[in-house]
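A quick write-up on the structure given underneath.
Protein chains: 2
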Amino acid sequence: MNEGRQRIASLLSTNPFFSGLVQDTLDRIAAICKPHHLAAREVLFLKGDTSDGLYAIRRGLIRIGTTDDLGQQMTMNILGGGDIFGEIALLDGRSRTADAVAMEDTDMFFLPRHDFLGLLKSDPSIALQLLELLCARLRDLIERMEETTFLSAETRLARRILMLVTDYGAEVHASQEELASLAGVTRETVNRHLQNWKRDGILSLGRGRLMIHDLEDLKRLARIGAI
Amino acid sequence: MNEGRQRIASLLSTNPFFSGLVQDTLDRIAAICKPHHLAAREVLFLKGDTSDGLYAIRRGLIRIGTTDDLGQQMTMNILGGGDIFGEIALLDGRSRTADAVAMEDTDMFFLPRHDFLGLLKSDPSIALQLLELLCARLRDLIERMEETTFLSAETRLARRILMLVTDYGAEVHASQEELASLAGVTRETVNRHLQNWKRDGILSLGRGRLMIHDLEDLKRLARIGAI
DNA sequence: CGGGTTCTGTGCGCTGGATCACATAGGCTG
DNA sequence: CAGCCTATGTGATCCAGCGCACAGAACCCG
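Chains A and B, in that order, give the protein sequences.
Under our numbering, the first residue of the first sequence carries the number 1, and numbering increases by one thereafter.
Under our numbering, the first residue of the second sequence carries the number 1, and numbering increases by one thereafter.
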């Protein structure tokens, strides 16, 4: 099992979250973490569930979001390789704040709650790393709050697409429905704006996919620098 | 100076954030913290400033919020005695995420950045306490995000007022402008809803002040339980 | 007590986006 | 390849909330 652990430790160190930790800490985390796989569309957990632990994505895409009583969706984030999630409910012991659903086949590492909390108490460097992570999450959410109160649907949509382009490249794999839930508008509104932008040559459209041609124009639409 | 420190330590222990810490840690924090006073309407820091440290409110009210390029306001939170703020920029070393302005005469303790970070590294229990705080902030922001995407202006306004009532009592001291920036709507919209609610006997209105008569009706308006 | 200043109350027109209702078109599956 | 399911495209209509304009009303300060 020792080779396994070493392999896991070196895999972990490719993850930005764990790479800030010293070798010894990494080894101890490797000792408790378990591989976990999700098929596309598989539900990992739902808002309100009790926490089983922390997840680190190796490969794939996870949608973090919620659904209201009428079925309307809000996507908080789309996470990919190298991202961590599930830390809030893990740390405060309360229920999950959102659903986590695989958007495609996804491989993760899973750190069981009990083991990880034990490690956290014995190794302060993990706590510091988590503080960084939570601060980044807070900054992101605050920025999103500002976007929704200050900016139009069009600008918000442009910003969300820009985020996807930045993270995953100029070819964005997302349905208009998904874009809508990211920007907090309806699918129809998304379609109308995308049609305008296509007419202006900024992007081209496919089923479940869009391709950015003119990144500068998209940035202009996103009003980078505003607020 | 020893009496001073002991007095500060015991004052700190009345604050929920510090009360979770052991006496020794409390004493060390007391040794580094300095009293700080703000007059009503005084600006403590602005979004974008570099962090000088962490603040703990003893008495008074601090508005945490931002203003966009056109002067429109967004209030993220109204904090009072026992609340902590300024932790994000402190912890990640980046700039302030929002403005902090005194709404009335306010007394605080100030923990200078450098000293506090030193303490944080040497005493893991502070890190755990901060993790709790950041999780609470995240949960609050996530809930607010859901509110803005799923709920109407009326419901959001009712929820924000309900929060003020819960924290500060049935007589709410806030102008309609301030309520507007809390709910993310215009002042006119706030007024129109308040007039309706007044007509229905749910509350009464004064200049910069409103008084809740029927808390149950307000809760119904806030659709508690929805989402 | 008088004049400014900041709040509140309210009418009215405008509009961004939601909602509804289909038509069409890809892509998967038996 | 036929059928089905899911995603896209688009018109028509509606309406909550915004923006503007202005009239009190309350407070504050000299």
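Quick reminder that beta carbons are idealized off the backbone N, C-alpha and C, glycines included.
All figures in this text were calculated on a predicted structure; none of them were measured in a lab.
Q. Beta carbon of A:N100, beta carbon of A:S51: below 8 angstroms?
A. Position 100 of the first sequence holds residue 100 of chain A. Position 51 of the first sequence holds residue 51 of chain A. Contrary to the premise, residue 100 of chain A reads as Ala rather than Asn in this sequence. No.
Q) Which residue spans inside the region 76 to 106 of chain A form an unbroken beta strand (DSSP E) run of at least 3? A) The region 76 to 106 of chain A contains these whole beta strand (DSSP E) runs: 99 to 102.
Q) How would you write the range of the beta strand (DSSP E) that A:G118 sits in, first residue to last? A) Here residue 118 of chain A corresponds to residue number 118 of the first sequence, with the count starting at 1. No beta strand (DSSP E) holds A:G118; the alpha helix (DSSP H) holding it covers R113 to S122.
Q) Do three or more CB pairs link the region 149 to 156 of chain B to the region 68 to 75 of chain A at distances below 8 angstroms? A) yes
**Q.** B:L164 versus B:R223 - alpha carbon distance
**A.** Along the second sequence, one-based indexing puts residue 164 of chain B at 164. Along the second sequence, one-based indexing puts residue 223 of chain B at 223. Those two C-alpha atoms are separated by around 16 angstroms.
Q: Report yes if the CB atom of A:I142 is closer than 8 angstroms to the CB atom of B:L61, and no otherwise.
A: Taking the first sequence and counting its residues from 1, the one referred to as residue 142 of chain A is at position 142. Taking the second sequence and counting its residues from 1, the one referred to as residue 61 of chain B is at position 61. Contact flag unset, no.
Q | With 16 other Cβ atoms within 10 Å as the buried cut-off, status of A:M74 | A | In the first sequence, counting from the first residue as 1, residue 74 of chain A sits at position 74. The residue in question, A:M74, is buried, as its Cβ has 16 or more Cβ neighbours within 10 Å.
**Q.** Run of the beta strand (DSSP E) containing B:S204, from where it starts to where it stops
**A.** Walking along the second sequence from the start, residue 204 of chain B turns up at place 204. Unbroken beta strand (DSSP E) run through B:S204: L203 to G206.
Q: Could you name the residues of chain B that A:T50 contacts, counting a contact when the two beta carbons are closer than 8 angstroms?
A: Taking the first residue of the first sequence as position 1, residue 50 of chain A is located at position 50. Result: empty, since nearest Cβ-Cβ is about 15 angstroms, beyond 8 angstroms.
Q | Among B:L182, B:L138 and B:E171, nearest to B:I202 - alpha-carbon criterion | A | Here residue 202 of chain B refers to the residue found at position 202 of the second sequence. Of B:L182, B:L138 and B:E171, the smallest CA-CA separation from B:I202 is found for B:E171.
Q.
Quick check on the DSSP output: the beta strand (DSSP E) that includes B:V43 runs from which residue to which?
A. Mapped onto the second sequence, residue 43 of chain B falls at position 43. Run containing B:V43: V43 to F45, per the beta strand (DSSP E) assignment.
Q.
If contacts are defined as beta-carbon pairs under 8 angstroms, then B:M145 and A:R144 qualify, I think. What distance do you get, rounded to the angstrom?
A. Counting from 1 along the second sequence, the entry for residue 145 of chain B is found at position 145. Counting from 1 along the first sequence, the entry for residue 144 of chain A is found at position 144. Contact holds; Cβ gap of about 7 angstroms.
Q) What in chain B is Cβ-close to A:A226, meaning under 7 angstroms? A) In the first sequence, residue 226 of chain A corresponds to position 226, counting from 1. Ordered by position in chain B, the residues that pass the 7 angstroms Cβ test against A:A226 are D69.
Q: Just confirm the distance between the C-beta atoms of B:T106 and B:I29, as a whole number of angstroms; I'd bet it's less than 8 angstroms.
A: Within the second sequence, residue 106 of chain B is the residue found at index 106, counting from 1. Within the second sequence, residue 29 of chain B is the residue found at index 29, counting from 1. That pair is no contact at about 20 angstroms.
Q.
By the three-class DSSP mapping on this structure, what secondary structure does B:R160 have?
A. In the second sequence, counting from the first residue as 1, residue 160 of chain B sits at position 160. Looking at B:R160 - three-state DSSP - the assignment turns out to be helix.
Q: Can you check DSSP and say which residues form a bridge with B:R59?
A: Locating residue 59 of chain B in the second sequence gives position 59, where the first residue counts as 1. Partner(s): B:D107.
Q | Buried or exposed (CB count within 10 angstroms, at least 16 for buried), B:G169 | A | For this step, residue 169 of chain B is matched to residue 169 along the second sequence. Exposed is the label assigned to B:G169, since fewer than 16 other Cβ atoms lie within 10 Å of its Cβ.
**Q.** Range covered by the beta strand (DSSP E) that runs through B:L38
**A.** One-based indexing of the second sequence puts residue 38 of chain B at position 38. Segment K34 to L38, the beta strand (DSSP E) holding B:L38.
Q) When you check each C-beta in the region 134 to 156 of chain B against every C-beta of chain A, which residues fall closer than 8 angstroms? A) L134, C135, A136, R137, L138, R139, L141, I142, R144, M145, E146, T148, T149 and F150
Q) Considering A:L218, what are the terminal residues of the alpha helix (DSSP H) in which it resides? A) Taking the first residue of the first sequence as position 1, residue 218 of chain A is located at position 218. Here the alpha helix (DSSP H) through A:L218 covers L215 to L221.
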